Amino acid sequence: MKNFPILTLLAGLMIVACKPASPQDRLMANEAKISEIIAQMTLEEKVNMLHSKTNMSSAGVERLGIADVHYADGPFGIREEGVPNGFQSAGWTVDSATYFPTGSALAATWSEELAYKYGTGMGKEARLRGKDVILGPAINIQRLPTGGRTYEYLSEDPILSAALAYKYTLGVQDQGTAVCIKHFAVNNQETNRGSVDARVDERTLREIYLKPFERAVVEGGAMSVMPAYNRVNGDYCSENEHLLNEILRGEWGFKGMTVSDWGGTHSTMGAMLHGLNVQMTGSTYLGPAVIDSIKTGALTEAQVDEKVRQILRVRFAIEPVPDDVANQTITSQPESQRIAREVAEKSIVLLKNEKGILPIKSNVKKIAVIGQNAVLKTQSGGVGAGVKALYEITPLQGIQTRAGKDIEVKYAPGYKNFPGRRWGPAPAEPDPLVATAIDEPADPALMAEAVELAKNADLVIFFGGTNKSIETEGSDRANIKLPCGQEELVQALYVANPNLVTVLISGGPTDLQVLEPVSPAILEGWWNGMEGGTALAEVLFGDIAPSGKLPFTFPVKLEDSPAYAMGNFPNSTREMDLFTALYRPDMTPAERQALNARRPIPVSEYTERFYVGYRWFDTSNIKPMYAFGHGLSYVTFNYGEMKAKASGKKITATFTLTNEGDMDADEVVQLYVHREGSAVEWPEKELKAFSRVSLKAGESRQVTLEIPLEDMRYWDEAKNGWADEHCQLQLLLGAASDDIRQSAEVSI
Ligand code: BGC
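Here it is in structure tokens:
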């Protein structure tokens, strides 16, 4: 008994010693040094750190040797250098960067390994440019098929988004660059994005919309977070006590800094009290007004010290790149270009392949490539998230290079492109390849030329889809219809030559009701980075087997999708706010401000709750055009019997996967869960684990998938906390959410 206190102490020490270090602890290594520095700073120097210095930096303290923080836009390439006080190009040449496949393409790889590599590429290029923080990854859930930023975001599913966000974060931060995960949170529409109030229940918030952020912060150790433009349940994200103070810092243990989206800070007291560190851009709220508020006693200097401490934690965790080291070499490096290519190769989704029309057969000697998207460069446009790529291989270039001398490749534009908004004066002469409206019917002359080419070819490859003026930051699409008469054109092409393959070049889903019956094969080719054309040609010619899987549902029609079916979108939110009005050239800035001030707050109700994406389609028994997780290969895979057990803190499922084909190929295996006799409301099924498996021709391998029991919990609104549900589970193993091959029962 005498030893009791010592034993207790030892046991206590062991518990402390065994407590796994949180990745956020990395930010806590310099607390004493930070205290010393803060003690030496004047109030003005401190406040100077709380707002922008230039459009892409916030200040350090030169006198004390604290470097400025330099930001660079991601999320799919380090954005070109802008002038100090705006986004206009600085006119450099050394800043040509690697253009990586955009978010939905990365997600279509379903590869944690590639998300990590992608992050390393981004992180390294940021260092070459002298940047400390990447404004990315962009990890909001794709709620609307029409969402303007679907192409930047990853998936409609929280488990897939969270896994990739986590690995991307690790990849970047392992290079000594910080991420700024965005846009926290519930940033799912561009319509009125600067003012809309997203009203979402707590369970949906926790289980769907916050999941990717939670993993990137808690497991990935994300050092900074960008609060979104919108409001969530009443308060702007940049001053949202619940999101920033209670959840992010309180529950998730976030130790770093929050940086408002550009123009997304709204008040001094709100930002100071409710969790914002840095106002980007300007100093209206977190500048002199903070000093005034301290003078009046509304704020204290200690509150400023705390904000400065959080910023300095990031500053000291990230080694500044000296000016004479940064920008000495071109940003885009071969190593990153290879990563961009690998991601592109594994992202392309074979949606359909009738009569084995793909891969291209050896008797094909004449190929007609039709559609302007075959020659479209997708590196820039879409407003913020653009890259000045060192080079970009278009689909047509990729096909021509791969086809070589023996195959004739001819191109016709087929339809007019819709470039949307144009900056600067309108061209004097109308461009015959440019449409004036997105729904302009097919152009008879372009169509006739394309049909003629199709008639004389062995194979027609039609490039349809959208572009970065149609899917763009700042606005949502009005619908998901194929633009500019593409439907009419593809019907005519099919009549001319039914040996037709469609490649969709887009970031989000499109309505394929007309196109699908006249396309024996369809590929989703994405905005696939600077090596996109190379990767596409490899897939078309069968050098590699396609292995991407859809990270979101392709609905048959827009109205089938949850927010539309429930009447939640579009609704009164279709009014105009400050950001939407930015694109109204007929208004002065003052008129836009005035418009914003007098309009009621637009609201977006999330009454579809957690029935987002396939959760809705499955539960409501609505057949999509192509389901979440869908993607074919040139080989078939056999899924052997699945054995599953729940023990300890996880569920384990094991089975043998066999590549039955005669070429090497990857399969993305997906494990869903269906609950039986549950007292809690659940969607029909939910993805809980997945893995990309590479198999040689004929190879078999045992695959093990694990579901942490933590991921089976639900948010109990009555208890306001996570809760376990003990129930019978049906584990559903398959190649897509609508292609389940094996099942097993376990109880938890
Ligand atoms: C976007 C952010 C971006 C920022 C800086 C904003 O308009 O919403 O994603 O990082 O601009 O370019």
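Every position in the sequence shown, counted from 1, becomes a number in our numbering once 1027 is added. Using N, Cα and C, we set each Cβ at its ideal position, and we do this for glycine too. Note that the structure is predicted; figures quoted are calculated from it, not measured.
In this chain, the alpha helix (DSSP H) harbouring glutamate 1139 covers 1139-1155. Annotation for threonine 1421: Val1402, Gly1560 place their beta carbon closer than 6 angstroms to its own, counting only its chain and skipping 5 residues before and after.
Between valine 1730 and valine 1206, the alpha-carbon positions lie close to 32 angstroms from each other. Each of Gln1067, Thr1136, Ile1093, Met1068 was checked against the Cα of asparagine 1555, and the nearest Cα belongs to Thr1136. Within the same chain, and ignoring the five residues on either side of glutamate 1369 in sequence, the residues whose Cβ sits closer than 8 angstroms to its Cβ are Leu1141, Lys1144. For glutamate 1586, the closest C-alpha among the options Leu1577, Phe1596, Phe1579 is that of Phe1596.
Residues Ser1131, Thr1177, Tyr1180, Leu1181, Ser1182, Glu1183, Asn1215, Gly1535, Pro1578, Phe1579, Gly1640 of the same chain have their beta carbon placed closer than 8 angstroms to that of glutamine 1169, with the five preceding and five following residues left out of the count. Residue state for tyrosine 1263 is assigned as strand, using DSSP reduced to three classes. Around the ligand BGC, the residues whose beta-carbon falls short of 7 angstroms from at least one of its heavy atoms are Asp1100, Phe1114, Leu1162, Ala1165, Lys1209, His1210, Met1253, Tyr1256, Asp1288, Trp1289, Val1410, Gly1411, Ala1412, Glu1500, given in chain order. With distances taken between CA atoms, histidine 1301 lies nearest to Cys1264 out of Val1376, Cys1264, Ala1462, Pro1102.
Looking only at Asn1304, Arg1230, Asn1686, Asn1354, the smallest Cα-Cα distance to arginine 1719 is reached by Asn1686. In terms of CA proximity to alanine 1190, Pro1164 leads the group Pro1172, Asp1201, Pro1164.
Contact between the stretch 1528-1543 and the stretch 1349-1360 is not established, with fewer than three Cβ pairs separated by less than 8 angstroms.
Nearest neighbour of threonine 1129 by Cα position, chosen from Met1149, Pro1102, Asn1112, turns out to be Pro1102. DSSP places aspartate 1738 within a helical segment (H, G or I) once states are collapsed to three.
Closest option to lysine 1379, judged by alpha-carbon separation, among Pro1547, Asp1095, Glu1139: Pro1547.
Restricting attention to Leu1527, Asn1494, Glu1266, the CA atom closest to the CA of isoleucine 1397 is found in Leu1527. By the Cβ-count criterion, glutamine 1067 is exposed, with fewer than 16 other Cβ atoms from all chains shown falling within 10 Å of its own Cβ. Judged by DSSP in its simplified three-state form, isoleucine 1767 adopts strand.
In the structure shown, alanine 1548 falls within a strand segment according to DSSP collapsed to helix, strand and coil. For lysine 1670, there is no enclosing alpha helix (DSSP H); the residue is part of the beta strand (DSSP E) that begins and ends at 1670-1674. Contact between isoleucine 1064 and leucine 1339 holds, since their C-beta atoms are separated by about 7 angstroms, short of 8 angstroms. With contacts defined as CB atoms closer than 7 angstroms, alanine 1412 and valine 1478 fail to qualify as a contacting pair. Residues of the same chain with a CB within less than 6 angstroms of the CB of valine 1121, apart from the 5 flanking positions on each side, are Asn1354, Ile1357 in chain order. The stretch 1503-1516 and the stretch 1334-1349 do not touch, with fewer than three beta-carbon pairs separated by less than 8 angstroms. Under the three-state reduction of DSSP, asparagine 1380 is assigned to strand. For leucine 1567, the CB contacts under 6 angstroms within the same chain, skipping 5 residues up- and downstream, are Ile1387 in chain order.
For aspartate 1485, there is no enclosing alpha helix (DSSP H), as DSSP marks it with neither H nor E. Around the beta carbon of alanine 1430, 16 or more other beta carbons sit within 10 angstroms, so the residue counts as buried. Glutamine 1200 is not bridged by DSSP to any residue.
Per DSSP, alanine 1462 is not a residue of any alpha helix (DSSP H), being assigned neither H nor E.
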